[in-house]
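Enquirer:
In structure tokens form, the structure reads like this:
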């Protein structure tokens with residue numbers, strides 16, 4: 012279990028930093044608050060996944076497949092994480 016979390020951290024640390032920065036940049040014109048940040052993150056996080064892992068580093072999927080994470084699983088986790096974050100912010 013701990014190894015799987017480390018592997019997911021390796022995968023998502025390449026996505027989280029640019030996604031958070033671009034989400035902050037897109038929320039500046041509307042005023043920086045959690046609602047605008049989460050709305051930007053909802054769209055930018057999957058876009059970062061696409062640009063980084065589908066276009067630039069598409070051969071890295073083999074590494075994650077060796078640990079049991081298929082391409083579809085990683086995409087589902089990405090989309091689910093962005094939707095969950097949006098829902099949590101909407102509730103608060």
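Residue numbers (this note's numbering): 12 to 103.
No residue lacks a Cβ here, since even glycine has one placed at the ideal position from N, Cα and C.
Per DSSP, what kind of secondary structure is residue 66 in: helix, strand or coil?
Expert: Position 55 of the chain shown, counted from the start, is the residue given in the question as residue 66. DSSP places residue 66 in helix when its eight states are reduced to three.
Enquirer: In whole angstroms, what separates the C-alpha of residue 21 from that of residue 34?
Expert: Sequence index remark: in the chain shown, residue 21 carries index 10 (1-based). Sequence index remark: in the chain shown, residue 34 carries index 23 (1-based). Between residue 21 and residue 34, the C-alpha separation is close to 21 Å.
Enquirer: Under a three-way DSSP split, which group does residue 102 fall into?
Expert: For this step, residue 102 is matched to residue 91 along the chain shown. Of the three classes helix, strand and coil, the one that applies to residue 102 here is helix, per DSSP.
Enquirer: Check whether the region 61-79 and the region 12-29 touch, using three or more Cβ-Cβ pairs below 8 Å as the test.
Expert: The region 61-79 vs the region 12-29: in contact.
Enquirer: Do residue 96 and residue 52 have their C-beta atoms within less than 8 Å of each other?
Expert: Indexing the chain shown from 1 puts residue 96 at position 85. Indexing the chain shown from 1 puts residue 52 at position 41. Contact flag set, yes.
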